[in-house]
Structure formats: C-alpha cells, structure tokens
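Heads up: the sequence lines are chains W and H, in that order.
Heads up, the final residue of the first sequence is numbered 395 in my numbering, and it's a clean run with no missing numbers.
Heads up, the final residue of the second sequence is numbered 602 in my numbering, and it's a clean run with no missing numbers.
For every residue, glycine included, the Cβ atom is placed at its ideal position computed from N, Cα and C.
All of these numbers come straight from a predicted model, not from anything done at the bench.
To keep things clear, I will list the structure first and then write my remarks on it.
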Amino acid sequence: MNTLKYVLQVISRSRFRSTIIFLLFFVTTVCLFGTGLFTGNLKSGSQKLYGRTYADMIAVPEEYLDSAKDMLFKGKTCSIMFRGDALSDIGSISGVQAVSPQLYLETLELSCCSDGGIQVVAFDPDTDFAVSQWTDSAKELSGYQALAGSGGSLRKGDTIMLFDREFTVTDVLEETGMGYDNSIFIPYDAADEITSSDKYEFMFGKKSGLVSMLLIRKLPETDINDLSQRITEVISESGAKVYPIDDLASDLRSHIDFMAKMTGIVSGFAVVIAAVALFAMVTLSFHQRRRVAGSMISAGCPRGKVLRLFLSEYLTLFAAGAAAGIVLVCIFLLPLHEELKSALDMPYKLISPAGAVSLAARTLGIDLAMLAAAVSFTFAGILRTEPALLMEEQV
Amino acid sequence: MIKGQNITKTFGDSGLHSMDISVGKGEMIGLAGASGCGKSTLLNILTGMLRPDSGTVTIAGDDIYALSEKKRTALRGNVIGYVMQKNSLLPELTVMQNILFPAHMAGKSPTEIKAQELAERLSITGQLSSYPAQISGGEYRRVMLARILMLDTPIIAADEPTSNLDRESAQIVRDMLLDANKNGTTIITASHDPLLLESADRVVEVG
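Here it is in structure tokens:
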C-alpha cells in the first residue's frame with residue numbers, strides 16, 4: 001500500500017475528523033486570502049488616485065470641490081461648469097509645466113453603459129497630459145470620436161449616441177479603479193459644440209468655453225505649496241482655487257486605510273480563531289492517534305515514517321482546504337468586481353495576477369506554518385514517549 | 396537468544412525488581428503470575444517497547460537499549476514480532492491491509508497469497524475486507540496474530556494471546572503459536588491460559 005492510497009483511505013474512513021480539519025484550513029484560507037485580496041484591491045485603487053490623473057493640482061471653483069472629488073475618485077456623475085477664461089493665465093505662471101481643461105457633462109440614461117446618467121469627460125487632445133498617458137489614441141481624438149472607460153460594455157468600433165450625436169469608440173481604456181472607468185471621453189471641441197448648441201440650452205445655457213476643472217502639472221523642481229499659492233493669487237477673482245491632488249485624496253486615502261485596517265483586524269481575528277482551532281484539532285487528533293502511532297512503531301515502522309504518513313494526511317487536507325478557499329474567494333470576488341466597486345464608493349482595482357499569486361503563496365505559507373507548529377508540538381511528544389506508553393499498554 | 400539481566404521497572408509501588416530471564420533459540424517460554432505482577436511490562440521491555448529503569452536486555456548478544464531508536468524499531472519488524480494485549484490494528488485499514496501493513500513497514504514484500512493462507516488457518520478469510528470495528532473480539536486477536544506471523548520473525552512475543560477468546564478461537568491461536576514454535580520460532584508469551592502455559596517448554600513466574 002503506497003502512502004497516497006493509505007492517506008486517501010484514512011481520510012475517507014475518518015470523515016468527521018477529516019471534514020473538520022478541511023474546514024479549518026478552508027476558513028483560514030478564505031479569511032487570509034479573501035481579506036488580503038479585498039484590501040489589496042482597495043490599496044491598488046488607492047495608489048491609482050495619484051498616478052492616474054497625472055496632474056499635481058486641479059483648479060476648480062470652491063463650491064464645486066466636493067463634486068469634483070466625487071467624480072475623480074468615486075465615479076459619481078456631475079456637471080460642474082464655469083467659464084474658463086479667467087484661468088487662461090495659469091499656463092504662463094512660472095513653475096507650471098502644463099495646463100489642460102476637462103469638462104464633465106452628465107448624460108441622461110444610456111442603456112448600453114449605465115442604469116442612470118453617464119459621465120462624459122471632454123478633454124483637449126492638444127494640451128492633454130492625463131488621458132493621453134492611458135492611451136496613445138487620445139492625442140489623435142477628433143470630431144465625434146470617443147474613448148470608453150473600462151467599466152462599460154463598449155468595445156472598439158462601437159457607436160454611441162451622446163447628446164444627439166453619434167460618436168465612434170476608437171479605444172477602450174484599461175481599468176483605473178477610479179470614476180474614470182465609467183466615463184466616456186470625447187474631444188473638448190465636440191463638447192463645446194454641445195454646450196453652445198440651441199438644443200441643449202436648457203442644460204448648458206448655450207455657452208462655449210465652459211470648463212469643469214483645469215488639470216495642472218508643475219515642473220519637477222517646483223514646490224507645490226508655493227506654486228499653488230501663487231496660482232491662487234493670480235486666479236483669485238475667478239472664484240476658483242487650486243488644490244493639490246494629494247490633499248484632495250487624503251480623506252479618501254484615510255478612509256481606505258481605515259477600511260483596510262478594519263478588514264485586516266476582522267480577518268486577523270478570524271485567522272487567530274481558525275488557527276487556534278486548527279492547532280487544537282490537529283493536536284487533539286494526533287493525541288487520539290497516539291495508539292495508532294504506537295501500533296505502527298510496535299510493528300517496526302520507524303517514527304519518521306509514522307510522521308510522514310500522518311503529515312501526508314494533513315497536507316492532503318491542507319491542499320484541498322486551501323485550494324477550495326482560494327477558488328471560492330476568486331469565484332466570489334472576481335465576478336462581483338464591478339458590483340463591489342460601485343457599492344464601495346471608493347477606488348477599487350484588481351491587483352495584478354502576480355500580486356494575487358504572491359498573496360496566495362503567502363496565505364499557503366501561513367496555513368503551512370500553523371500546521372507545522374501543531375504537528376511539531378504534538379509529534380515532539382510522540383518522539384519522547386516509549387512505544388509501549390503510546391499504546392497505553394498496561395505496563 | 397534473549398537475555399534479560401537485573402531488569403527493574405517500577406510504577407509506584409508495583410513493577411519488576413531485578414528480574415533475570417533467559418530464552419534460548421527455538422524455545423517456548425510462558426510468563427505466568429497474578430494480574431498486575433509485571434508480565435506485560437517484562438514483555439514490553441524484552442521487545443524494546445519500554446526502556447527499563449535499570450538492567451540490560453540482549454538479543455543475539457546485542458544490548459537492545461544501547462541501540463539507536465531506529466535500529467530498535469527495525470529489530471521489532473525483523474527479529475521480534477510482538478502481539479500486544481491491547482487493540483493494535485489500524486482502524487482505517489481493512490483486515491487484509493492490516494495483515495500486510497507491518498511487513499510493508501519493515502520493508503518486506505508481503506504477498507496477499509501468504510496472507511490468504513494465514514487467514515485460512517486462522518479462520519478469518521471471511522473478514523479480510525472488513526474493518527477492525529466490524530469484526531468480533533476473537534477475530535480481532537487472530538488478525539493481530541496473523542499480521543505478526545506475516546513478518547516471519549525468529550522471535551514472537553505474545554501478550555495474553557488467548558484472553559477473552561471463545562474456546563475455538565483460543566485453540567486456533569494456541570495451535571498457530573505451537574506450529575510457529577515447531578518451525579523454529581522462539582516464543583515468549585505472557586498468559587493466564589493453563590493450556591497455553593502447559594504447552595510451553597518452560598514457565599517463568601513473574602513477580
């Protein structure tokens with residue numbers, strides 16, 4: 001009888017014990033891997049808060065600040081609009097590397113992409129440094145061409161009706177974890193045509209030159225606080241203010257950090273309980289099987305071989321429990337990714353496959369360490385005990 | 396072949412005190428004495444299962460407690476087969492697998508044909524695919540004997556091999572031990588069974 005056959009037979013004949021140990025490995029893995037993946041996704045989205053805008057500051061009227069933050073970081077639709085003329089001097093301030101306007105237009109229901117309104121982001125391909133970082137085709141966008149965020153069902157070549165105009169999707173952006181994922185990007189000129197049109201006067205007041213915010217990029221050596229103060233002085237009469245992106249995201253980042261911390265605490269608590277239960281269960285089952293160990297040793301089976309047989313059994317249960325836990329987490333978290341993202345109301349982006357593999361490896365490592373601790377503790381006792389006493393023989 | 400000198404092992408007030416025992420090759424020795432006198436303790440010590448407080452045990456000239464744990468364990472699978480008093484079958488294995496298991500562990504290549512033959516002689520062929528929990532006490536003890544006979548060791552130690560058995564089962568076990576002895580196997584058995592003790596070449600009073 002080989003070790004595998006022995007192990008499988010023992011597992012199938014000791015269903016209760018095997019099921020409990022399997023479940024403990026399963027629960028520990030779900031807690032560790034599930035919460036690790038969840039918080040990893042939160043942090044992955046959080047990290048994108050800085051990098052994805054590629055802007056150091058934004059200029060926006062003070063009263064629209066919350067709406068701008070909600071749009072940027074949470075994907076909430078908004079229609080911020082103000083005359084951008086007063087901000088045209090920003091580009092000439094020393095220390096400013098680039099300035100690019102964005103205009104947010106909220107559509108009515110768009111069946112292909114959203115249950116409610118969808119955010120249309122207009123940007124200027126000539127001055128843009130944000131969208132063009134995500135795709136090269138941003139610089140070539142013109143006329144009624146559009147880029148689609150990753151969150152919708154739009155594909156390259158699809159057409160969509162926006163404000164009575166048919167736009168052709170020339171590219172789909174990769175996931176950012178931010179509000180941009182549910183947006184459609186169009187050239188600023190096309191948006192300007194919409195806002196100044198008669199048909200949409202009721203929405204936009206037939207105005208041109210509207211902007212929602214200006215994205216500002218500073219020169220690398222420039223102090224951001226000093227520059228922001230100087231810009232604010234220049235544009236003081238416009239009612240707009242300059243806000244460093246880092247400051248805007250700090251509340252959200254704190255919120256994410258808090259949530260990640262809480263999830264970690266709950267997960268840690270669950271893992272500790274599962275670990276203690278696993279340790280107790282493995283220890284107890286080893287103890288109950290001292291007679292079996294004694295029987296094997298009395299029949300000439302070396303203690304190392306006894307340990308190998310027992311360990312193979314627990315490792316098989318560990319592999320099954322851990323694999324089931326990882327699969328369950330993937331089945332639950334991956335298909336519900338978009339739902340979770342919108343329910344969470346914060347940036348949420350899947351970590352990379354390499355990150356997920358590393359997390360799974362870490363989870364398995366912790367599971368194995370718990371098993372090793374329990375087995376070492378119990379088997380040390382078996383190693384120290386005379387075979388006759390293991391058998392509880394009447395000595 | 397087996398020599399125990401000055402063996403002392405105490406458990407509180409009871410135990411063995413300076414016990415000497417010598418068993419020759421091919422001999423059948425019966426250990427007799429009142430319950431709790433230390434017969435099982437002596438067998439455990441002679442089979443390398445329990446280190447004595449003092450004294451030595453030699454088998455074929457080797458002090459078994461001077462050997463490494465690994466070598467002492469190997470001795471049990473290859474030189475001494477020990478039929479214990481307590482239940483020692485592996486509950487998750489069938490009777491057939493239990494019979495073959497010790498020989499596998501001792502690195503031998505047991506054949507199912509030999510196991511079948513032993514099972515026939517011990518009248519347990521009908522139970523070969525059963526699990527230990529599914530067989531009677533008498534059958535259980537016969538399986539324990541079968542797994543040790545599979546090892547083909549030159550020495551067999553048996554602790555109360557016929558206790559709690561019906562007459563028929565006890566007779567089968569006695570016959571098997573006597574057959575093994577006739578074929579040259581050294582037998583040491585602790586027993587209260589007068590028929591088994593009568594068959595022994597010598598009876599040693601313990602305690």
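Cβ distance (whole Å) where residue i is taken to contact residue j below 8 angstroms
i: Thr29 (chain W); j: Gly268 (chain W); result: Contact doesn't hold; Cβ gap of about 14 angstroms is too wide.
i: Tyr104 (chain W); j: Ile80 (chain W); result: 6 angstroms
i: Met213 (chain W); j: Ala59 (chain W); result: 6 angstroms
i: Phe25 (chain W); j: Leu317 (chain W); result: 6 angstroms
i: Ile93 (chain W); j: Ile194 (chain W); result: Contact flag wrong, Cβ pair sits at about 30 angstroms.
i: Leu147 (chain W); j: Thr135 (chain W); result: 6 angstroms
i: Met198 (chain W); j: Lys206 (chain W); result: It should be pointed out that residue 198 (chain W) corresponds to Asp in this sequence rather than to Met. Indeed they touch by this definition, with Cβ atoms about 7 angstroms apart.
i: Leu523 (chain H); j: Val490 (chain H); result: 5 angstroms
i: Val27 (chain W); j: Glu313 (chain W); result: At roughly 19 angstroms, the Cβ-Cβ gap does not stay under 8 angstroms, so Val27 (chain W) and Glu313 (chain W) are not in contact.
i: Lys218 (chain W); j: Gln97 (chain W); result: 6 angstroms
i: Thr35 (chain W); j: Gly264 (chain W); result: 7 angstroms
i: Leu32 (chain W); j: Tyr243 (chain W); result: Not really, about 38 angstroms apart at Cβ, beyond 8 angstroms.
i: Ala461 (chain H); j: Glu600 (chain H); result: At roughly 28 angstroms, the Cβ-Cβ gap does not stay under 8 angstroms, so Ala461 (chain H) and Glu600 (chain H) are not in contact.
i: Val172 (chain W); j: Ser150 (chain W); result: 6 angstroms
i: Gly443 (chain H); j: Leu546 (chain H); result: Wrong, their Cβ atoms sit about 14 angstroms apart, outside the cutoff.
Burial state of residue i, where buried means 16 or more other Cβ atoms lie within 10 Å
i: Cys112 (chain W); result: Confidence at Cys112 (chain W) is low in this model, with a pLDDT of 47, below 50, so its placement is unreliable and no value can be given for it.
i: Asp115 (chain W); result: Low local confidence applies: a pLDDT of 44 at Asp115 (chain W) is under 50, so the model's placement there is unreliable, and no value is given.
i: Gly239 (chain W); result: exposed
i: Phe16 (chain W); result: exposed
i: Ser449 (chain H); result: exposed
i: Val131 (chain W); result: buried
i: Asp408 (chain H); result: exposed
i: Asn493 (chain H); result: buried
i: Ser352 (chain W); result: exposed
i: Val395 (chain W); result: Its pLDDT being 36, under 50, Val395 (chain W) is placed unreliably by the model, and the measurement read from it follows with that caveat. Looking at its Cβ environment, which holds 16 or more other Cβ atoms inside 10 Å, Val395 (chain W) is buried.
i: Arg562 (chain H); result: exposed
i: Ser586 (chain H); result: buried
i: Gln102 (chain W); result: buried
i: Phe406 (chain H); result: exposed
i: Leu590 (chain H); result: exposed
i: Glu393 (chain W); result: In this predicted model, Glu393 (chain W) has a pLDDT of only 40, less than 50, meaning its place in the structure is not dependable enough to derive any value.
Extent of the continuous alpha helix (DSSP H) to which residue i belongs
i: Arg289 (chain W); result: Careful: Arg289 (chain W) lies outside any alpha helix (DSSP H) and carries neither H nor E.
i: Ser409 (chain H); result: Looking at the DSSP string, Ser409 (chain H) is not in any alpha helix (DSSP H); the run it does join, the beta strand (DSSP E), is Ser409 to Val418.
i: Asn439 (chain H); result: Lys434 to Leu441
i: Thr468 (chain H); result: Glu464 to Asn473
i: Asp570 (chain H); result: Arg562 to Lys577
i: Asp226 (chain W); result: Ile224 to Val234
i: Phe310 (chain W); result: Arg303 to Leu333
i: Met203 (chain W); result: Glu201 to Phe204
i: Phe26 (chain W); result: Arg15 to Thr29
i: Met539 (chain H); result: Gly532 to Leu544
i: Val131 (chain W); result: Val131 to Trp134
i: Ile424 (chain H); result: Taken as a continuous stretch (DSSP letters only), Ile424 (chain H) belongs to no alpha helix (DSSP H), being part of the beta strand (DSSP E) at Met423 to Ala427.
i: Arg516 (chain H); result: Glu507 to Arg516
i: Ala498 (chain H); result: Val490 to Met500
i: Ala553 (chain H); result: Ala553 (chain H) -> not in any alpha helix (DSSP H); beta strand (DSSP E) instead, spanning Ile550 to Asp554.
The beta strand (DSSP E) enclosing residue i, as first and last residue numbers
i: Tyr243 (chain W); result: Ala240 to Pro244
i: Phe377 (chain W); result: Unbroken run through Phe377 (chain W) is the alpha helix (DSSP H), Pro353 to Arg384; no beta strand (DSSP E).
i: Ala146 (chain W); result: Gln145 to Ala148
i: Asp171 (chain W); result: Arg165 to Val172
i: Asp400 (chain H); result: Going by the sequence as given, residue 400 (chain H) is Gln instead of Asp. That run of the beta strand (DSSP E) goes Ile397 to Phe406.
i: Phe185 (chain W); result: Ser183 to Pro187
i: Met213 (chain W); result: Met213 to Lys218
i: Met346 (chain W); result: Per DSSP, Met346 (chain W) belongs to no beta strand (DSSP E) and is neither H nor E.
i: Ala585 (chain H); result: Thr581 to Ala585
i: Leu591 (chain H); result: It is not in any beta strand (DSSP E) - Leu591 (chain H) instead sits in the alpha helix (DSSP H) that spans Pro589 to Ser594.
i: Leu32 (chain W); result: Careful: Leu32 (chain W) lies outside any beta strand (DSSP E) and carries neither H nor E.
Residue-chain proximity (residue i, chain B), Cβ-Cβ < 7 angstroms
i: Met396 (chain H); result: This model lacks chain B altogether; the protein chains it does include are W and H.
Distance cut-off 6 angstroms: residue i Cβ against heavy atoms of the ligand GTP
i: Gly268 (chain W); result: Ligands are entirely absent from the displayed structure, and the ligand GTP is therefore not among its contents.
#### Entry: Residues of the region 423 to 436 of chain H whose Cβ lies closer than 7 angstroms to any Cβ of chain W, in chain order
So the list reads Ser435 and Thr436, given in the order they occur along the chain.
### Message
Counting only Cβ-Cβ distances shorter than 7 angstroms, please list the residues of the region 1 to 25 of chain W near chain H, keeping chain order.
### Response
So the list reads Met1, Gln9, Val10, Arg13 and Ser14, given in the order they occur along the chain.
### Task
Any chance you could list the beta strand (DSSP E) runs of at least 3 consecutive residues sitting entirely within the region 55 to 85 of chain W, in chain order?
For the region 55 to 85 of chain W, whole beta strand (DSSP E) runs of length 3 or above, ordered along the chain, are 57 to 61.
### Message
What are the residues in the region 399 to 420 of chain H lying within 8 angstroms of chain W by C-beta distance?
### Response
Those would be Lys404 and Phe406, in chain order.
### Task
Quick one: which residues of the region 287 to 303 of chain W get their C-beta closer than 9 angstroms to a C-beta of chain H? List them in chain order.
Answer set for the region 287 to 303 of chain W: Arg291, Val292, Gly294, Ser295, Met296, Ile297, Ser298, Ala299, Gly300, Cys301, Pro302 and Arg303.
### Residues in the region 263 to 284 of chain W having any Cβ partner in chain H nearer than 7 angstroms
Of all residues in the region 263 to 284 of chain W, none comes within less than 7 angstroms of chain H when Cβ atoms are compared.
### Task
With 8 angstroms as the C-beta to C-beta threshold (strictly closer), list the residues of the region 370 to 391 of chain W near chain H in chain order.
Taking a C-beta cut-off of 8 angstroms against chain H, the contacting residues of the region 370 to 391 of chain W are Glu386, Pro387, Ala388, Leu389 and Met391, listed in chain order.
### Task
Report the residues of the region 501 to 525 of chain H with a CB closer than 7 angstroms to any CB of chain W, ordered along the chain.
Of all residues in the region 501 to 525 of chain H, Ala501 have a Cβ within less than 7 angstroms of some Cβ in chain W.
### Query
In the region 445 to 461 of chain H, which residues sit with their C-beta less than 7 angstroms from some C-beta in chain W, listed in chain order?
Cβ contacts with chain W: Leu445 and Arg446.
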